[in-house]
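This report concerns only the one structure given below.
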Amino acid sequence: MLPSCGGSALGYRLMDTVPVLHVTSVVRSSRARAQMADLTTSTGVRDADLVAQMAAGDERAAASLYDKYGPTLYAVAYRMLGQRSDAEEVVLEAFAQAWRGAARFEGERGSVAAWLTMMTRSRALDLVRSRQRRTRITETAARENPTSSPAMGGWQEKPGDAVESDERRKHVAIALADLSPPQRQAIELAYFEGLSQSEIAERLSEPLGTVKTRMRLGMQKLRDALRPYFHEAGL
Amino acid sequence: MSSADGQDMDSQDMKDLAAAYALGALDPAEARSFEAFLATSPEAQREVAEFREVATLLATTTSGAGPGPSTPTTTAIPTTTTG
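The listed protein sequences correspond, in order, to chains E and X. Numbering-wise, this note's numbering puts 149 at position 105 of the first sequence, and it's gapless, one number per residue. Numbering-wise, this note's numbering puts 1127 at position 54 of the second sequence, and it's gapless, one number per residue.
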């Protein structure tokens, strides 16, 4: 049962689950920003070091990761959920999970960014599914207007690595645009709506095999185009 | 088609599932078969890791979408001495 009351839930929840998040605001201070500047130029190796520190109980390492990846993870969650408070909640849960599971992180299995994204998406999908169940019972009248005031953009401006991440974002956008529309659609339906391949096939009235092939080819194409950005830390 | 445990799928078929697996798009039974295969195949593990990187980069296309978090900070707790 997730609260739908926005920011206040955030604070208390974090306190309960992740000491990490207390520190977040500190990381946003100018002094901490200077530290962040160093971190945001880091490589995946240093991210993995942060995870190791987190596993050892270092809250500041956790806060650094949170500050670095929070904005993008929030954006993913928001896109999947369409609701600010839920997106926040999901990111917090993902970080709580990261905090608890840091010791089990295996760097050779992928980057820290991928690990965090996976947990965020998985929490968001859980929520999407539980919502779908709820929606069958009650009408969701109290949906937030996603275009309402962008309170507090703290996460969204990251002066330190704005240029770098703009560049990367541009390449990702180009790579996506390069896919055939059906390939892109299959990938987006899976990624942002959490549909399985059979669900996608059903929704599009396409044969399952076609959907599978499109998804695979599209992902292979993206992989080839985006390989230079793998493990590049900072999203 | 009904290879519940993936026994009769050859490894190329299995590897073809890596991208969908990384996107979380396999149906539950298929995901389980794939995971069993994955445990035995370093190559498939590498593939999955790569496709997860792709998935992670896809996240960047959403940056800036939607409003910022309503209250991204909690109470400031000084963790360093106040100068």
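Just so it is clear, CB atoms sit at the ideal spot from N, CA and C, and this is done for glycine as well. A quick note: this is a predicted structure, and the numbers were derived from the prediction, not measured.
In the same chain as L252/E, and ignoring 5 residues on each side of it, the C-beta atoms closer than 7 angstroms to its own belong to Q241, S242, A245, in chain order.
DSSP, read as helix, strand or coil, puts E250/E in coil. For T161/E, the C-beta contacts it makes with chain X under 7 angstroms involve A1128, T1129, A1132, in order along the chain.
Annotated as distal: T1133/X and R167/E, with beta-carbon spacing of 7 angstroms or more. Residue contact with chain X for V95/E: absent (no Cβ-Cβ distance below 7 angstroms to any residue of chain X).
Separation of P226/E and R104/E (C-alpha to C-alpha, rounded to the nearest whole angstrom) is 43 angstroms. The Cβ of Y235/E sits closer than 7 angstroms to at least one Cβ of chain X.
For the pair A1117/X and L1111/X, the CB atoms are nearer than the 7 angstroms cut-off. In terms of beta-carbon proximity, T116/E lines the interface with chain X, with at least one pair separated by less than 7 angstroms. A distance below 7 angstroms separates the beta carbons of E1123/X and R267/E. Annotated three-state conformation of Q127/E is coil, per DSSP.
Any Cβ of chain E closer than 7 angstroms to the Cβ of A1109/X would place that residue at the interface, and such an atom is absent. Minimum Cα-Cα distance from A1095/X among the listed residues V134/E, G114/E, I231/E corresponds to I231/E. Judged by DSSP in its simplified three-state form, F1110/X adopts helix.
Contact note: D1086/X does not reach chain E at a C-beta cutoff of 7 angstroms; the least C-beta distance is about 10 angstroms.
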